[in-house]
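K.L.:
Residue numbers (our numbering), protein chains in the order written: chain A, 41 to 364; chain B, 398 to 725.
What follows is the structure, encoded as structure tokens:
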């Protein structure tokens, strides 16, 4: 197992390297640069802009900039933001806990709802409740995540006032709350964005879990379990579901990149100061170091997420372990 | 001899795209205490569906046991049991082993768990006791190093060992009837003999009755007391094993016996029965075998009942009535 993980991590390094390189090329290829808006100001003299461009090294050929960037990156230096007065590392350090919190909460909702709904449907295919749930899950699957976010925000935020509409904490009361109060405030802010992202994924998870469950229930070993005289609860819950969960665990690894892309939209809708919003803002401002740094961190998260899902699959499925 | 199981007019149908398939159509037979009955026939003759119907393992709602069918086990009609009562019979009174030991065992549960859970389902045993029972069973079915095999997963075992585990699961609660559905078909020939010996031995030691389902007449001859031959969803002949092999009454049985390749026979091509089994959605009218039968005449347009064909034997063929028509 250790060797397997080390091997996968080595592959992960390659993946991260490729992502960083592509992001670097693409963001530089996008029209304009960090100083475009400055250059358009009537009161700013072109020489000043030129001088700033030289100071930032943006006048060098792209491959020179790339090699410099890589060199610094390997030394652990992600550079300094061009629009915020702080290092890229500091910006990411502030954003990443928010994104991880959001992504994990969404993952919990996604798989909590998706697996239960899908497993129930698969155990009672073509029943009335199965058909109802199918309508719901296909709807969830088809809805664009930002639209779902805005609807939830409008309903539960602006109309019912049940949940806050923006941010991770209450800007006024948070500093004065007790420890437990602070946790409650954070969770209160987390509900809508996590629900948005989680529900969007739950539709797909439920579809796939339903199919996996139907397949598992049709297997010979489920018939064996019934022939033994086991209760239906055990037949479905132990024999069928355990097997039907294997593809879902693998799916969680594949769902992770989609989840991170989803955070970009959800963080924007809910003004959630996470990695996605940081990157989206930086792309608009052509803040090259932030964009590349965020892509780097996102790639690392995806690699780790995939690895975690694979390790979980290996633990859950005895057939992937070497025979003892 | 007391009757342990009496199947009467069992009809099991399946909804298919081509219409209703009468996979089993009016099957009746008895099984006595301690007896071994072989159900023999080609693929599609209804043997497996008959076996699954006894334990009501037919996948519903596509499959359905028709009203009017009766399966009496020790005086109770299995078809009218509540789900709970049915559970108490399955695995404890009547157990079943299947053709594919690979797919019939759960790949993510250990062998020990899969044997022990049968005990836990039927008896007030602790987990520890159930595990002890599982261990005893593994030893009984001849698995070496049983202690460590308890923790093995099915994929870590050979095909023969997996079938031994299936047998251990089936017999751990000492059922009165074991239904073995093609228990050796998926195994190597050398392993087949071992498993059959094991089944015969255990049957004798545990004093249970057995229904052996096979397409292989040689296997049936080796261990069955009586043989019931199935064709087209019906039983076409029932006879004590020795009599059946010495003198088959039904032309289909005769054809099956002739179609078995022989090592000691004359050097000629193995004869086969012309044609193939018709689909269960479209059985021929009259005798179901008559389109393939070399003796068929007008009378075969109407279906014969099971006719008395000698002591303790019956056959569904008009030839029993008119033996003169049986030309060599």
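A virtual CB, placed ideally from N, CA and C, is assigned to each residue, including glycine.
(1) Which of the residues in the stretch 400 to 418 of chain B, read from start to end, lie with their CB under 8 Å from any CB of chain A?
(2) Please classify residue 608(B): is it buried, with 16 or more other beta-carbons within 10 angstroms of its beta-carbon, or exposed?
(3) Do residue 291(A) and residue 303(A) have their C-beta atoms closer together than 8 Å?
(4) Taking the alpha-carbon positions, what's the residue 138(A) to residue 208(A) distance?
(5) Measuring straight from C-alpha to C-alpha, what distance separates residue 620(B) and residue 611(B)?
(6) May I have the straight-line CA-CA distance separating residue 170(A) from residue 250(A), to the nearest angstrom?
(7) Which residue from 613(B), 422(B), 426(B) and 412(B) puts its Cα closest to that of residue 459(B)?
(8) Can you give, in chain order, each stretch of the beta strand (DSSP E) that sits fully within the stretch 526 to 580 of chain B and has at least 3 residues?
(9) Between the stretch 102 to 111 of chain A and the stretch 191 to 203 of chain A, do at least 3 Cβ pairs fall closer than 8 Å?
(10) Going along the stretch 542 to 558 of chain B in order, which residues come within less than 7 Å of chain A, judged by CB to CB distance?
(11) Looking at C-alpha atoms only, which residue of 623(B), 691(B), 467(B) and 498(B) is the closest neighbour of residue 784(B)?
(12) Using a cut-off of 7 Å between C-beta atoms, extract the partners of residue 27(A) located in chain B.
(13) Measuring alpha carbon to alpha carbon, tell me which of 58(A), 356(A) and 167(A) ends up nearest residue 288(A).
(14) Span of the alpha helix (DSSP H) holding residue 133(A)?
(15) Anything in chain A within Cβ reach of residue 497(B), meaning under 9 Å, just list it in chain order.
(16) Which residues, in chain order, does the stretch 275 to 287 of chain A contribute to contact with chain B at a C-beta distance below 8 Å?
(17) Any residues in the stretch 101 to 135 of chain A with a beta carbon nearer than 9 Å to a beta carbon of chain B? Which ones, in chain order?
(18) Which same chain residues end up closer than 7 Å to residue 63(A) when comparing Cβ atoms and leaving out the 5 residues on each side of it in sequence?
(19) What's the call for residue 279(A), buried or exposed, on a 16-neighbour Cβ count within 10 Å?
(20) With a threshold of 6 Å on Cβ separation, who are the neighbours of residue 475(B) within its own chain once the five nearest residues in sequence on each side are excluded?
(21) Around the Cβ of residue 364(A), are there at least 16 other Cβ atoms within 10 angstroms (buried) or fewer (exposed)?
(22) The beta strand (DSSP E) that contains residue 510(B), what's its start and end?
(23) My guess is that residue 694(B) and residue 655(B) are in contact by the Cβ rule of under 8 Å, so how many angstroms apart are they, rounded?
(24) Please specify which runs of the alpha helix (DSSP H), each continuous and at least 4 residues long, are wholly inside the stretch 586 to 633 of chain B, giving them in chain order.
(25) Would you be able to state if there are at least three C-beta pairs under 8 Å between the stretch 250 to 268 of chain A and the stretch 226 to 241 of chain A?
(26) Considering just the uninterrupted stretch of the beta strand (DSSP E) at residue 213(A), what are its terminal residues?
(27) For residue 343(A), collect the residues of the same chain with a Cβ closer than 6 Å to its Cβ; drop the 5 residues on either side in sequence, then sort them by chain order.
(28) Confirm, please, whether the CB-CB distance from residue 704(B) to residue 657(B) is below 8 Å.
(29) Under 8 Å by Cβ, that's how I've got residue 647(B) and residue 624(B) pegged, so tell me the actual separation to the nearest angstrom.
(30) Reducing DSSP to helix, strand and coil, say where residue 346(A) ends up.
(31) Pull out every residue of the stretch 446 to 471 of chain B whose Cβ sits closer than 7 Å to any Cβ of chain A, in chain order.
(32) For the alpha helix (DSSP H) that contains residue 405(B), what are its first and last residues?
(33) What are the residues that DSSP puts in a beta bridge with residue 255(A)?
(34) Leaving out the 5 sequence neighbours to the left and right, which residues in its chain are closer than 8 Å to residue 375(B) when beta-carbon positions are compared?
P.N.:
Here's the rundown:
(1) Those would be none; no residue qualifies.
(2) As a working note, residue 608(B) is residue 211 in the second chain. So residue 608(B) ends up on the buried side.
(3) Position 251 of the first chain holds residue 291(A). Position 263 of the first chain holds residue 303(A). With respect to the 8 Å criterion, residue 291(A) and residue 303(A) are not classified as neighbours on the basis of their beta carbons.
(4) Here residue 138(A) refers to the residue found at position 98 when the first chain is read from its first residue. Here residue 208(A) refers to the residue found at position 168 when the first chain is read from its first residue. Going by the C-alpha atoms only, they are around 8 Å apart.
(5) Counting from one through the second chain, the residue named residue 620(B) turns up at place 223. Counting from one through the second chain, the residue named residue 611(B) turns up at place 214. A straight-line Cα-Cα distance of about 11 Å links residue 620(B) and residue 611(B).
(6) As a first step, residue 170(A) must be located in the first chain, where it is residue number 130. As a first step, residue 250(A) must be located in the first chain, where it is residue number 210. C-alpha separation (whole angstroms): 9 Å.
(7) What you label residue 459(B) is simply residue 62 of the second chain in a count that begins at 1. It is 412(B).
(8) Listed in chain order, the beta strand (DSSP E) runs fully inside the stretch 526 to 580 of chain B are 574 to 578, counting runs of at least 3 residues.
(9) No, the stretch 102 to 111 of chain A is not in contact with the stretch 191 to 203 of chain A.
(10) If you check each beta-carbon in the stretch 542 to 558 of chain B against every beta-carbon of chain A, the ones closer than 7 Å belong to 550, 552 and 553.
(11) Look at the range of chain B in this structure, 398 to 725, and you will see that residue 784(B) is not part of it.
(12) Here chain A has residues from 41 to 364 only, and residue 27(A) is not among them.
(13) Translated into positions along the first chain, residue 288(A) becomes position 248. It is 356(A).
(14) By 1-based counting over the first chain, the position of residue 133(A) is 93. First-last of the alpha helix (DSSP H) with residue 133(A): 128 to 163.
(15) Position 100 of the second chain, counted from the start, is the residue given in the question as residue 497(B). The answer, in chain order, is 260.
(16) Result list: 278, 279, 282, 283 and 286.
(17) So the list is empty, because no residue satisfies the distance condition.
(18) If you number the first chain from 1, residue 63(A) lands on position 23. These residues qualify, in order along the chain: 331, 332 and 335.
(19) Numbered from 1 along the first chain, position 239 holds the residue referred to as residue 279(A). Buried is the call here.
(20) Counting from one through the second chain, the residue named residue 475(B) turns up at place 78. Excluding sequence neighbours, residue 475(B) sits near 468.
(21) Position 324 of the first chain holds residue 364(A). In this prediction, residue 364(A) has a pLDDT of 41, which is less than 50 and means its spatial position is unreliable; what the coordinates show is noted afterwards. With fewer than 16 other Cβ atoms within 10 Å, it is exposed.
(22) Numbered from its first residue, the second chain carries residue 510(B) at position 113. In this chain, residue 510(B) is not harboured by any beta strand (DSSP E); it is covered by the alpha helix (DSSP H) spanning 508 to 519.
(23) One-based indexing of the second chain puts residue 694(B) at position 297. One-based indexing of the second chain puts residue 655(B) at position 258. Your pair residue 694(B) and residue 655(B) does not check out as a contact, with CB atoms roughly 21 Å apart and the cut at 8 Å.
(24) Uninterrupted alpha helix (DSSP H) stretches at least 4 residues long and entirely within the stretch 586 to 633 of chain B occur at 586 to 603 and 614 to 620, given in chain order.
(25) Short answer: they don't touch.
(26) The sequence position of residue 213(A) within the first chain is 173, counting from 1. Bounds of any beta strand (DSSP E) do not take in residue 213(A), whose DSSP letter is neither H nor E.
(27) Sequence index remark: in the first chain, residue 343(A) carries index 303 (1-based). Cβ neighbours of residue 343(A) beyond the five flanking positions: 52 and 55.
(28) The count along the second chain starts at 1 and reaches residue 657(B) at position 260. The count along the second chain starts at 1 and reaches residue 704(B) at position 307. Contact: no.
(29) Walking along the second chain from the start, residue 647(B) turns up at place 250. Walking along the second chain from the start, residue 624(B) turns up at place 227. Actually they do not touch by this definition, with Cβ atoms about 11 Å apart.
(30) Numbered from its first residue, the first chain carries residue 346(A) at position 306. Note: residue 346(A) maps to helix in three-state DSSP.
(31) Residues of the stretch 446 to 471 of chain B whose Cβ lies closer than 7 Å to any Cβ of chain A, in chain order: 452 and 454.
(32) Counted from its first residue, the second chain places residue 405(B) at position 8. Residue range 400 to 413 is occupied by the beta strand (DSSP E) that includes residue 405(B), with no alpha helix (DSSP H) assigned at that position.
(33) Residue numbering aside, residue 255(A) sits at position 215 when the first chain is read from its first letter. None; residue 255(A) has no bridge partner.
(34) Any property of residue 375(B) remains undetermined from this structure, which presents chain B solely from 398 to 725.
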